[in-house]
Amino acid sequence: MLLLAVLFGMLWALANGRWCEQTETIHVEEEVTPRREDLVPCASLYHYTRLGWRLDLPRSGHEGLSGPPAPGLCRIYKPPETRPATWNRTVRACCPGWGGAQCTDALMEDSPGGHCFATWQCQPLGGSANTSTENLEECCARPWGHSWWDSGSQLCLSCSSQHFPGNASSAVLLQPLPGAVGQLWSQRQRPSATCATWSGFHYRTFDGRHYHFLGHCTYLLAGAADSTWAVHLRPRDHCPQPGHCQLVLVIMGSEEVQIQGRDVSVKGQLVPDGEPQMLHGLSLQWQGDWLVLSGGLGVVVRLDRSSSVSISVDHEHSGQTQGLCGLYNGRPEDDFSEPGGGLAMLAATFGNSWKLPSSEPGCLDAVEVDQGCEGPLKGTEAGMDAGQLRAEAQDVCHQLLESPFWQCHAQVSPDEYHEACLFAYCAGAALGHQEGRQEAVCATFANYAQACARRRIHVLWRKPGFCERLCPGGQLYSDCVSSCAPSCSAVGQEEEGSCREECVSGCECPPGLFWDGTLCVPASRCPCYHRRQRYAPGDTVHQLCNPCVCQDGHWHCAQALCPAECAVGGDGHYLTFDGRSFFFRGHPGCHYSLVQDYVKGQLLIVLEHGDCDSGSCLHALSVSLGDTHIQLRDSGSLRSTFSG
């Protein structure tokens, strides 16, 4: 009987449920070009990397079907090329306005803006006063409005009537629900392949796990399990400005680059500030505020020369990384893997396990600290007003949960960054480092803004009095400047989409203006350069017989054909049409072509060499111009003929 009742209920639901057929668009990537493999000299890896090739790490250190590669050769591959494609499918779902497992529950009337709830988590509970509303302002203005569901972004926002200092003019403050936003973010976003550390103590692993670690020894920040690359980090103890005293060592193959503040050295040799370097398979470039190191290993290291270091790896490194950045495999829960294979429970235990033997003698292990303000305030002076400090930290860090950052909350969860901000603020106060505290807080905001920018959400958050960055010459500061800087040398070149794929912060000229070395100017005021000399717009130089005018940062030259002269000296000296001189003595009695019109065949000048011991190497000169032939001999005789 029970089985019959269940079957009857299912049939009733299918018959009475409000079911509709809907069309879903599926986005896929279809393969255009298959994967390609090759064996090339290891010294040329960087050049192949710029063409889209990658080092085949799994096969480089093992014998394949054809045996191990010869010394000095590396196996590379080019990933398959794909293109986006879409296709539609029809699915059976609840009709608009209906929900539940069998589409028998009536919902509120649909709205293009969203839905307003009397509950705090957007739950349509029985008896709760909910209705449709056009926008969140209308919802939060209602006396019973507690949360609002955005139909477009599928994001739940809560309405808060609490006013915070500095925002007294705001009628309503919107704070994303940590649970709802975190769950939505974890469902929609794949773990990042970028690890980052900033402020000297905060870390985000490749899989997106955040933690604090107050170590002061030398640690393996990240590296390959087969030791093909590694990044070492040494944050100095008692540094008044977090990050300024840190030391970073980047090892890629046989190359080692050491960075400390603005000092960059390669194998002990100091690199001029701002000067790009091309090493064996390794590139050093300055983009905005950042130094970028990349090579053919699928690893890119970025440093802002203050407190931030980020490491990006290709997906081929999945399951092959180790260090403070964790094991990159898409599972944050196993990021605290220790060198011996164990799994640490505490961040301090995990961090200490990656201390390197090169650490300073007597460097002690770090201890575990609490999150937020609680950790930094333990053991501080009794006279410090901890309650006031917490309130100040909340006031500053709450800006991460407000506009303009809220537009990014559905893509990047702000919870961990908010907690890191609290820790940075209170840690700076506990140590008495006012300037370092401000820098650490701004670094946290900047890292969140950059994480948003990597998802194509650009947040303008800096303002006078709060993390403001001033730029010289009319430039504007941005957390996502172009790697193809709009300078006067690039006038007329369209910016490619790849120029902003990897966002870095820095100064750049506003749209329509170009950097001339000191100022942002329109193209009409861009200078030109010739033989390292600067010329103003409108200046003229000559290339042979053609005048060249400086216009929009480029030389515009006339294209007239210029006369040229070739000269022959009797003792074997020659001067070409293009001004190159050389010495040549032919064999006596031999004929040599001096000038030949090889296009139309109308001109031919031939030299006949004689005995150079007689004082002149030239014995005779024959000129053929069309049907006319003239011969001049060293005796002074002249003979001309005409064939027609």
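Numbered per mature numbering (1 follows the signal peptide of the UniProt record, and there is no 0), the sequence shown spans residues -17 to -1, 1 to 627.
For glycine and all other residues, C-beta sits at the position ideal for the given N, C-alpha and C.
All values derive from a computational prediction rather than experimental measurement.
Using the Cα positions of residue i and residue j, report the straight-line distance between them to the nearest angstrom.
{"i": "residue 641", "j": "L383", "result": "Since the first residue shown for the chain is -17 and the last is 627, residue 641 is missing from the structure and cannot be characterised."}
{"i": "F565", "j": "L577", "result": "14 angstroms"}
{"i": "Y186", "j": "C467", "result": "29 angstroms"}
{"i": "C549", "j": "V589", "result": "13 angstroms"}
{"i": "F449", "j": "C511", "result": "39 angstroms"}
{"i": "G489", "j": "L307", "result": "27 angstroms"}
{"i": "E20", "j": "Y31", "result": "12 angstroms"}
{"i": "T177", "j": "S293", "result": "7 angstroms"}
{"i": "K583", "j": "G609", "result": "10 angstroms"}
{"i": "A393", "j": "W538", "result": "49 angstroms"}
{"i": "L48", "j": "G279", "result": "With a pLDDT of 43 at L48, under the threshold of 50, the predicted position of this residue should be treated as unreliable, though the coordinate-derived value follows. Cα-Cα distance, rounded: 23 angstroms."}
{"i": "E343", "j": "C200", "result": "7 angstroms"}
{"i": "Q469", "j": "L496", "result": "In the sequence as displayed, the identity of residue 469 is Pro instead of Gln. Cα-Cα distance, rounded: 7 angstroms."}
{"i": "R285", "j": "A410", "result": "25 angstroms"}
{"i": "G323", "j": "A53", "result": "33 angstroms"}
{"i": "D594", "j": "G569", "result": "9 angstroms"}
{"i": "F147", "j": "D378", "result": "The predicted position of F147 is uncertain, since its pLDDT is 30 and thus under 50; no value can be drawn from it."}
{"i": "E375", "j": "R314", "result": "35 angstroms"}
{"i": "S27", "j": "I242", "result": "25 angstroms"}
{"i": "H10", "j": "P455", "result": "44 angstroms"}
{"i": "V283", "j": "A179", "result": "12 angstroms"}
{"i": "R452", "j": "Q458", "result": "11 angstroms"}
{"i": "A473", "j": "R517", "result": "16 angstroms"}
{"i": "A547", "j": "T559", "result": "9 angstroms"}
{"i": "V551", "j": "R515", "result": "34 angstroms"}
{"i": "I59", "j": "V254", "result": "30 angstroms"}
{"i": "G191", "j": "A423", "result": "20 angstroms"}
{"i": "Y460", "j": "Q421", "result": "18 angstroms"}
{"i": "P218", "j": "G257", "result": "23 angstroms"}
Please work out which residues of its chain come closer than 6 angstroms, Cβ to Cβ, to residue i, disregarding the five sequence neighbours upstream and downstream, and give them in chain order.
{"i": "A89", "result": "Because A89 carries a pLDDT of 49, less than 50, the predicted location of this residue cannot be relied on, and the following value inherits that uncertainty. Contacts found: none."}
{"i": "S607", "result": "L587"}
{"i": "Q5", "result": "V74 and A76"}
{"i": "A436", "result": "D462, C463 and C486"}
{"i": "E321", "result": "A327 and S336"}
{"i": "H513", "result": "V524"}
Return yes when the Cβ of residue j is within less than 9 angstroms of the Cβ of residue i, no when it is not.
{"i": "E7", "j": "A68", "result": "no"}
{"i": "E351", "j": "A331", "result": "yes"}
{"i": "C471", "j": "A506", "result": "yes"}
{"i": "A349", "j": "S182", "result": "no"}
{"i": "P63", "j": "V23", "result": "no"}
{"i": "Q542", "j": "G521", "result": "no"}
{"i": "G555", "j": "C600", "result": "yes"}
{"i": "D398", "j": "F189", "result": "no"}
{"i": "S605", "j": "H612", "result": "yes"}
{"i": "H592", "j": "Y581", "result": "no"}
{"i": "R380", "j": "I440", "result": "The sequence shown places Cys at residue 380, not Arg. No, the pair does not count as a contact, with Cβ atoms beyond the cut-off."}
{"i": "E491", "j": "G206", "result": "no"}
{"i": "R18", "j": "K61", "result": "yes"}
{"i": "A434", "j": "S290", "result": "no"}
{"i": "V247", "j": "L274", "result": "yes"}
{"i": "F184", "j": "H195", "result": "yes"}
{"i": "N118", "j": "G97", "result": "yes"}
{"i": "G325", "j": "Y202", "result": "no"}
{"i": "C545", "j": "V532", "result": "no"}
Between residue i and the rest of its own chain, which residues show a CB-CB distance below 7 angstroms, the 5 nearest in sequence each way excluded?
{"i": "G281", "result": "R37, L38, V296, D297, E299 and H300"}
{"i": "P387", "result": "V442, L443 and W444"}
{"i": "C57", "result": "V23, C25, L28, L38 and S43"}
{"i": "S277", "result": "S266 and V283"}
{"i": "L197", "result": "F184, A349 and V352"}
For residue i, collect the residues of the same chain with a Cβ closer than 8 angstroms to its Cβ; drop the 5 residues on either side in sequence, then sort them by chain order.
{"i": "P259", "result": "S266, L267, Q268 and W269"}
{"i": "G302", "result": "L310, Y311 and N312"}
{"i": "Q614", "result": "A603, L604, S605, V606, L621, R622 and S623"}
{"i": "T65", "result": "E12, E13, E14 and V15"}
Can you find a heavy atom of the ligand COA that lies under 8 angstroms from the Cβ of residue i?
{"i": "T559", "result": "Questions concerning the ligand COA fall outside what the structure shown contains, since it holds no ligand whatsoever."}
For the segment 482 to 502 against the segment 522 to 530, do three or more pairs of beta-carbon atoms, one drawn from each stretch, fall closer than 8 angstroms, so that the two count as touching?
Verdict: no, contact absent.
Inspect the CB distances between the segment 255 to 269 and the segment 402 to 412 and report whether three or more fall short of 8 angstroms.
The segment 255 to 269 vs the segment 402 to 412: no contact.
Start-end ranges of the beta strand (DSSP E) lying completely within the segment 375 to 429, minimum 3 residues
Segments of the beta strand (DSSP E) lying fully in the segment 375 to 429: there are none.
Are the segment 232 to 241 and the segment 208 to 215 touching by the rule of at least three beta carbon pairs closer than 8 angstroms?
Result yes; three or more Cβ-Cβ pairs closer than 8 angstroms.
Going along the chain, which unbroken runs of the beta strand (DSSP E) with 3 or more residues stay wholly within the segment 440 to 482?
Whole beta strand (DSSP E) segments, 3+ residues: 459 to 464.
Considering only residues of the segment 517 to 591, which uninterrupted beta strand (DSSP E) runs meet the minimum length of 3 residues and lie entirely inside it, listed in chain order?
Runs found: 523 to 526, 529 to 534, 537 to 540, 556 to 558, 564 to 566 and 574 to 579.
Enumerated in chain order, which unbroken segments of the beta strand (DSSP E) with a length of 3 residues or greater are wholly contained in the segment 288 to 345?
List check, beta strand (DSSP E) in window: 292 to 296.
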